[in-house]
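> Numbering (full-length UniProt numbering), first residue to last: 1 to 143. Just so it is clear, CB atoms sit at the ideal spot from N, CA and C, and this is done for glycine as well. So that we are looking at the same thing, I have put the structure below in structure tokens.
Shown next, in the form of structure tokens:
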């Protein structure tokens, strides 16, 4: 029994005490993992820079297209404003022409009315003259 206790104690001591230096396999694995980690960081950084440049170039292209689109829109707005101004001038001119034509039509209507009144007045005079002539000369033929 003493022997078994002694051997168990030896096993416990062997398990508890760490070895003074790590073995070469563990060291090699740690070094390889560090190298792989550094390579992964470098590769990710490289592709990150490439992706950043690509995104930057695409953003520049998009910005230029947006700027051209804005310029085209501003040009369209300027042309639209010119068209609207021209239409407004045309409407003003059209309104003035319409008012003048209405004045002329009113004047013509007034002249027509005046001429009809004169014609009616002249017909009445002619009828009176015919009556006077027929009264004094009953055998006269008036056409």
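Taking residue 23 as part of the alpha helix (DSSP H), name the residues at either end of that continuous run.
Taking the chain shown and counting its residues from 1, one reaches residue 23 at position 23. Element bounds for residue 23: n/a, residue is neither H nor E.
> Helix, strand or coil: how does DSSP classify residue 137 here?
Within the chain shown, numbered from 1, the residue matching residue 137 stands at position 137. Residue 137: coil per DSSP, three-state reduction.
> In whole angstroms, give me the CA-to-CA distance for residue 90 and residue 101.
Here residue 90 corresponds to residue number 90 of the chain shown, with the count starting at 1. Here residue 101 corresponds to residue number 101 of the chain shown, with the count starting at 1. Annotation: residue 90 to residue 101 spans about 16 Å, alpha carbon to alpha carbon.
> Please state whether DSSP places residue 2 in a helix, a strand or coil.
Here residue 2 is taken as the residue at index 2 of the chain shown, counted from 1. The pLDDT assigned to residue 2 is 49, lower than 50, so where the model puts this residue is not dependable; a value taken from the coordinates is nonetheless given after this. Correct three-state label for residue 2: helix.
> Helix, strand or coil for residue 16 per DSSP?
Taking the chain shown and counting its residues from 1, the one referred to as residue 16 is at position 16. Model confidence at residue 16 stands at a pLDDT of 48, short of 50, so the residue's coordinates are unreliable and nothing is read from them.
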